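Peer 1: So the protein sequences, as listed, match chains F and W. Here the first sequence stands for residues 228 to 681, where the numbers follow this note's numbering. Here the second sequence stands for residues 24 to 231, where the numbers follow this note's numbering. Note that beta-carbon positions come from the ideal geometry of N, C-alpha and C, so glycine has one too. These numbers come from a predicted model, not from an experiment.
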Amino acid sequence: MNLLKLSWKNLLSKPLNTTLSLLLFGLGVGLISMLFLLEDQIQKNFEKNLAEVDLVIGSKGSPLQLILSSMYHIDAPTGNITLGEIRPFLNPKHPLIKSALPLSMGDSYKGYRIVGTTTDITDWYNLQLAQGEMFIHNYDVTLGASAARDLQLKVGDHFKSSHGLVDDDGLEHDETPDFIVVGILASSGTIVDQLILTTPQTYWHVHDHDHGAEAVAEDEQSIEQSDDNDGRDREGHDHAGHDHSAHDHDDHQDAHGHSHAETPKALSLEDDEGSITSLLLRFKGNNFQALNMGRSINENTEMQAATPAIEINRLFSMMSSAEYALRILAMVIIFVSGLSIFISLYSSLKDRKYELALMRVMGGSKSTLFSLIILEGIILAILGYIIGIILSHTGMYIIGKVMKEDYRYDFTGGYMLPNEWWLLLAAILLGFFASLLPAIQASNTDISETLSRG
Amino acid sequence: MIRTSQLSYTYEGGQNLSFEDIEIQQGVHTLIIGASGCGKTTLLHLLAGLRKPTSGSITILDKEITAMTSSDIDKFRGSNMGMIFQVPHFLRSLDVIDNITLAQTLSGGVAQRDKVKGLLSDLNLDGKGNKRTNQLSLGEQQRVAILRAMVNEPKIIFADEPTSALDDTNTEQVIELLKTQADKYDATLIVVTHDQRLKDNFKNMISL
Numbered sequence: 228m229n230l231l232k233l234s235w236k237n238l239l240s241k242p243l244n245t246t247l248s249l250l251l252f253g254l255g256v257g258l259i260s261m262l263f264l265l266e267d268q269i270q271k272n273f274e275k276n277l278a279e280v281d282l283v284i285g286s287k288g289s290p291l292q293l294i295l296s297s298m299y300h301i302d303a304p305t306g307n308i309t310l311g312e313i314r315p316f317l318n319p320k321h322p323l324i325k326s327a328l329p330l331s332m333g334d335s336y337k338g339y340r341i342v343g344t345t346t347d348i349t350d351w352y353n354l355q356l357a358q359g360e361m362f363i364h365n366y367d368v369t370l371g372a373s374a375a376r377d378l379q380l381k382v383g384d385h386f387k388s389s390h391g392l393v394d395d396d397g398l399e400h401d402e403t404p405d406f407i408v409v410g411i412l413a414s415s416g417t418i419v420d421q422l423i424l425t426t427p428q429t430y431w432h433v434h435d436h437d438h439g440a441e442a443v444a445e446d447e448q449s450i451e452q453s454d455d456n457d458g459r460d461r462e463g464h465d466h467a468g469h470d471h472s473a474h475d476h477d478d479h480q481d482a483h484g485h486s487h488a489e490t491p492k493a494l495s496l497e498d499d500e501g502s503i504t505s506l507l508l509r510f511k512g513n514n515f516q517a518l519n520m521g522r523s524i525n526e527n528t529e530m531q532a533a534t535p536a537i538e539i540n541r542l543f544s545m546m547s548s549a550e551y552a553l554r555i556l557a558m559v560i561i562f563v564s565g566l567s568i569f570i571s572l573y574s575s576l577k578d579r580k581y582e583l584a585l586m587r588v589m590g591g592s593k594s595t596l597f598s599l600i601i602l603e604g605i606i607l608a609i610l611g612y613i614i615g616i617i618l619s620h621t622g623m624y625i626i627g628k629v630m631k632e633d634y635r636y637d638f639t640g641g642y643m644l645p646n647e648w649w650l651l652l653a654a655i656l657l658g659f660f661a662s663l664l665p666a667i668q669a670s671n672t673d674i675s676e677t678l679s680r681g
Numbered sequence: 024m025i026r027t028s029q030l031s032y033t034y035e036g037g038q039n040l041s042f043e044d045i046e047i048q049q050g051v052h053t054l055i056i057g058a059s060g061c062g063k064t065t066l067l068h069l070l071a072g073l074r075k076p077t078s079g080s081i082t083i084l085d086k087e088i089t090a091m092t093s094s095d096i097d098k099f100r101g102s103n104m105g106m107i108f109q110v111p112h113f114l115r116s117l118d119v120i121d122n123i124t125l126a127q128t129l130s131g132g133v134a135q136r137d138k139v140k141g142l143l144s145d146l147n148l149d150g151k152g153n154k155r156t157n158q159l160s161l162g163e164q165q166r167v168a169i170l171r172a173m174v175n176e177p178k179i180i181f182a183d184e185p186t187s188a189l190d191d192t193n194t195e196q197v198i199e200l201l202k203t204q205a206d207k208y209d210a211t212l213i214v215v216t217h218d219q220r221l222k223d224n225f226k227n228m229i230s231l
């Protein structure tokens, strides 16, 4: 019968007090650990998607929204900007700009965002193909790893997009051709894992189809006709041995596939009216003129420019005040749980006075009694800590699931942070201090007096 | 084996008790008898090192316990003295065996569960080892308390009013049990009581 076992049995013998102390302690620790986890993962998620973007250009509005939608794909996309407006920034010979990445957004497939961009995106996010190839033609899509996995799409599969970012059958672009999966990216750990990539021009096609049904129908016919001719010419070479009706069918298929499988021009060669949602820029070095570019865009054009570093800092500082409030709340809960351990131990002393005296009679010293009570406090703290950690990590796991459905972000409860080990130390210290006074009281029990009173 | 010299104790209220010098030889079971309130229990607690005398000295087994530190006395008491009280008390959160092995570990020894089980069956307490102490009858509790006092094979057994709550038959049984157990372990039994019935059971008697 050692002291540890004895303290454990003592705790078990007052299940109500023990449960209350454990729950309070667990809640406090759980809340703090949850804050640690959230902070860490939000920061990590933001950092790994910075992609060295120096400036984001989009339509006027909230700069934070522009950054969140263009770089993190969490907020709704801002309005459009036209190629006419951004053409200067697309010029590869621009003295300040190292590279520019156009983004068209607003459509989705089963909640996964479809982004119209150029294949330059592979350099920006260090992307590698796992299967197939990058999108070349309109309506070709290359899928991020998580999107492909969750949507269960493979190379060669077809699907129709829907307007907006929610999964809603009513918003499906019925009239448009199917998207065709031509490639799947290897997981990069960035937001691109959650995206469906295609050409910017595909966006124009999809929305032309939707808005001017007649004009588009005509358009399509003319394209189809010209493609039909192409098709016939080609088919003509191996005419023999084929059934005529089968040919028609083949032709039609071929033509249909072909009409959309056009290879789009470089964006800088498209007409001024073409629009995209935003443009990510990387500067050459960090010179003063580059820094002024954002201000100049905001003052002199109908567009806005936002600097990711500034907006993300602003977001973090907004979050940190909420986090501060939660942290105070957690501290209060932990303080109350410490108090509950103290009260529970202190009030048990009165009932246990005779037992403590008996322990002295049997050879236990004052320090034995002191250790016994301290051990009870520390056991409570450690168990409470474990409960708290289980709570927060399970909570994080659930949040991760929800976040993935809503925002396509990966959160996980599957690892321990260094801060959580410090939290264990703090928990043990709290257990120690909560039991200190009762322990001193216990060790000073007047045995003779107690025994005489029976 | 036990020798006191000019022992006195002053209560917090200022009341002063002086005790005549006592000398008890090893193996001589002794009855210390006196009316209620004459300081019997105080003397017992002084001898067991549970209280420090205001003046005078106590020598037990050639060790002057009045000169020891508090924790040395605790250790000395744990391994050399067994104590039995009028009403048996136990640690409620522990079962019978754990209550007894606790006496072994607290005095610095190792828990010997098998030995304790054997001792329990010697006292007709078979199968009670895993019960809570409050599930036992008072007689059984008294026997467990005696066993607990003996488990470290102490040289001295102090019993404080062990019989005052018992009828004649039970009194006889408990005293006989105490004596046979003490003899078995070669221990000296010292009973402090106001119970006149015990006078005939002891050859050596000290009246306060």
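Is Lys-232 of chain F close to chain W? Criterion is C-beta to C-beta, closer than 9 Å.
Peer 2: By this cut-off, Lys-232 of chain F is an interface position.
Peer 1: Along the stretch 578–610 of chain F, what residues have a CB closer than 9 Å to any CB found in chain W?
Peer 2: Cβ contacts with chain W: Asp-578, Arg-579, Tyr-581, Glu-582, Ala-584, Leu-585, Met-586, Arg-587, Val-588, Met-589, Gly-590, Gly-591, Ser-592, Lys-593, Ser-594, Thr-595.
Peer 1: Distance cutoff 9 Å, beta carbons only. Does Ala-126 of chain W sit that close to anything in chain F?
Peer 2: Ala-126 of chain W counts as touching chain F.
Peer 1: What are the start and end residues of the alpha helix (DSSP H) that includes Ser-548 of chain F?
Peer 2: Start and end: 535–588.
Peer 1: At a CB-CB cut-off below 7 Å, which residues of chain B make contact with Asn-237 of chain F?
Peer 2: The chain labelled as chain B is not found among the protein chains of the depicted structure, namely F and W.
Peer 1: Check whether the stretch 297–315 of chain F touches the stretch 500–507 of chain F, counting contact only when three or more Cβ pairs, one atom from each stretch, lie closer than 8 Å.
Peer 2: Contact holds: three or more Cβ-Cβ distances are below 8 Å.
Peer 1: Buried or exposed: Gln-127 of chain W, going by 16 or more other Cβ atoms within 10 Å of its Cβ?
Peer 2: Buried, because 16 or more other Cβ atoms sit within 10 Å of the Cβ of Gln-127 of chain W.
Peer 1: Select from the stretch 664–675 of chain F all residues with a C-beta closer than 8 Å to any C-beta belonging to chain W, and list them in chain order.
Peer 2: Flagged, chain order: Ile-674, Ser-675.
Peer 1: Any idea what DSSP makes of Pro-329 of chain F, helix, strand or coil?
Peer 2: The answer is strand: DSSP assigns Pro-329 of chain F an E or B state.
Peer 1: Using the rule of at least 16 other Cβ atoms within 10 Å of the residue's Cβ for burial, across every protein chain shown, is Pro-665 of chain F buried or exposed?
Peer 2: Classification for Pro-665 of chain F: buried.
Peer 1: Using the rule of at least 16 other Cβ atoms within 10 Å of the residue's Cβ for burial, across every protein chain shown, is Phe-597 of chain F buried or exposed?
Peer 2: Buried, since its Cβ has 16 or more Cβ neighbours within 10 Å.
Peer 1: Would you mind working out which of F:Gly-343, F:Ala-608, F:Val-280 sits nearest Asn-307 of chain F, comparing C-alpha positions?
Peer 2: That would be F:Gly-343, whose Cα lies nearest to the Cα of Asn-307 of chain F.
Peer 1: DSSP three-state label for Gly-343 of chain F, please.
Peer 2: Correct three-state label for Gly-343 of chain F: strand.
Peer 1: For Pro-427 of chain F, does the count of other Cβ atoms within 10 angstroms reach 16, so buried, or fall short, so exposed?
Peer 2: Burial call: buried.
Peer 1: Please determine, among F:Ile-284, F:Gly-641, F:Gly-658, the residue with the shortest C-alpha to C-alpha distance to Ser-331 of chain F.
Peer 2: For the residues F:Ile-284, F:Gly-641, F:Gly-658, the minimum Cα distance to Ser-331 of chain F belongs to F:Ile-284.
Peer 1: Should the stretch 188–201 of chain W be called in touch with the stretch 72–88 of chain W, which here means at least 3 C-beta pairs below 8 Å?
Peer 2: Touching, no, given that fewer than three Cβ pairs across the two stretches are closer than 8 Å.
Peer 1: Assuming Ile-313 of chain F is part of the alpha helix (DSSP H), what are its boundary residues?
Peer 2: Its alpha helix (DSSP H) spans residues 310–317.
Peer 1: In chain F, what lies closer than 9 Å to Arg-100 of chain W by C-beta?
Peer 2: The answer, in chain order, is Arg-587, Val-588, Met-589, Gly-590.
Peer 1: Which residues share a DSSP beta bridge with Phe-42 of chain W?
Peer 2: Note: Phe-42 of chain W sits in a beta bridge opposite W:Leu-30.
Peer 1: At a CB distance below 9 Å, what residues from the stretch 64–82 of chain W approach chain F? Give them in sequence order.
Peer 2: Against chain F - using a Cβ distance shorter than 9 Å - the residues of the stretch 64–82 of chain W are Thr-64, Thr-65, His-68, Leu-69, Ala-71, Leu-73, Arg-74.
Peer 1: Does the stretch 639–658 of chain F come into contact with the stretch 258–274 of chain F, if we say contact requires no fewer than three beta-carbon pairs (one atom in each stretch) closer than 8 Å?
Peer 2: Yes, the stretch 639–658 of chain F touches the stretch 258–274 of chain F.
Peer 1: Could you check whether the Cβ of Ser-240 of chain F sits closer than 9 Å to any Cβ belonging to chain W?
Peer 2: Taking Cβ atoms only, chain W reaches closer than 9 Å to Ser-240 of chain F, which makes this a yes.
Peer 1: Looking only at DSSP bridge pairs, what is Ala-182 of chain W linked to?
Peer 2: Partner(s): W:Ile-107, W:Val-214.
Peer 1: Once the 5 residues before and after Leu-583 of chain F are set aside, which same chain residues still bring their CB inside 7 Å of it?
Peer 2: Taken in chain order, the residues that qualify are Leu-596, Ala-669, Thr-672.
Peer 1: Grouping DSSP H, G and I as helix and E and B as strand, with all else coil, what is Ser-187 of chain W?
Peer 2: Note: Ser-187 of chain W maps to coil in three-state DSSP.
Peer 1: Report all residues from its chain with a CB closer than 8 Å to the CB of Phe-358 of chain F; omit the five preceding and five following residues, and keep chain order.
Peer 2: A quick correction: the sequence has Gln, not Phe, at residue 358 of chain F. Lys-381, Val-382, Gly-410, Ile-411, listed in sequence order.
Peer 1: Taking the alpha carbon of Leu-221 of chain W as the point to measure from, which residue in W:Glu-43, W:Leu-159, W:Asp-190 has its own alpha carbon closest?
Peer 2: Selected option, being the one with the closest Cα: W:Asp-190.
Peer 1: Taking Pro-322 of chain F as the reference, which of F:Gln-270, F:Phe-510, F:Thr-245, F:Asp-302 has the closest Cα?
Peer 2: Closest option to Pro-322 of chain F, Cα to Cα, is F:Phe-510.
Peer 1: Leu-129 of chain W versus chain F: which residues are under 8 Å apart at the beta carbon?
Peer 2: Ordered by position in chain F, the residues that pass the 8 Å Cβ test against Leu-129 of chain W are Met-586, Met-589, Gly-590, Gly-591, Thr-595.
Peer 1: Between F:Trp-351, F:Asn-244, F:Tyr-612, F:Ser-575, which lies nearest to Ile-418 of chain F when the distance is taken from Cα to Cα?
Peer 2: It is F:Trp-351 whose Cα lies nearest to the Cα of Ile-418 of chain F.
Peer 1: Round the Cβ separation of Phe-181 of chain W and Thr-53 of chain W to the nearest angstrom and send it over; I've been treating them as touching at under 8 Å.
Peer 2: Contact flag wrong, Cβ pair sits at about 10 Å.
Peer 1: Quick one: what's got a C-beta closer than 7 Å to Met-106 of chain W's C-beta in the same chain, skipping five residues either side?
Peer 2: Around Met-106 of chain W: Ala-71, Ala-172, Phe-181.
Peer 1: Assess, as a yes-or-no matter, whether the stretch 289–298 of chain F is touched by the stretch 527–534 of chain F under the definition of 3 or more beta carbon pairs within less than 8 Å.
Peer 2: Enough Cβ pairs lie closer than 8 Å, so yes.
Peer 1: Helix, strand or coil for His-466 of chain F per DSSP?
Peer 2: For His-466 of chain F, the pLDDT reaches just 42, beneath the cut-off of 50, and the residue's location in the model is therefore unreliable, although a value from the coordinates is still provided. Correct three-state label for His-466 of chain F: coil.
Peer 1: Evaluate Trp-694 of chain F with the Cβ neighbour count: other Cβ atoms within 10 Å of its Cβ, from every protein chain shown; 16 or more gives buried, anything less gives exposed.
Peer 2: Absent from the structure is residue 694 of chain F, since the part of chain F shown begins at 228 and ends at 681.
Peer 1: So, is Gln-204 of chain W buried or exposed, given that buried needs 16 or more other C-beta atoms within 10 angstroms?
Peer 2: By the neighbour-count rule (16 or more Cβ atoms within 10 Å), Gln-204 of chain W is buried.
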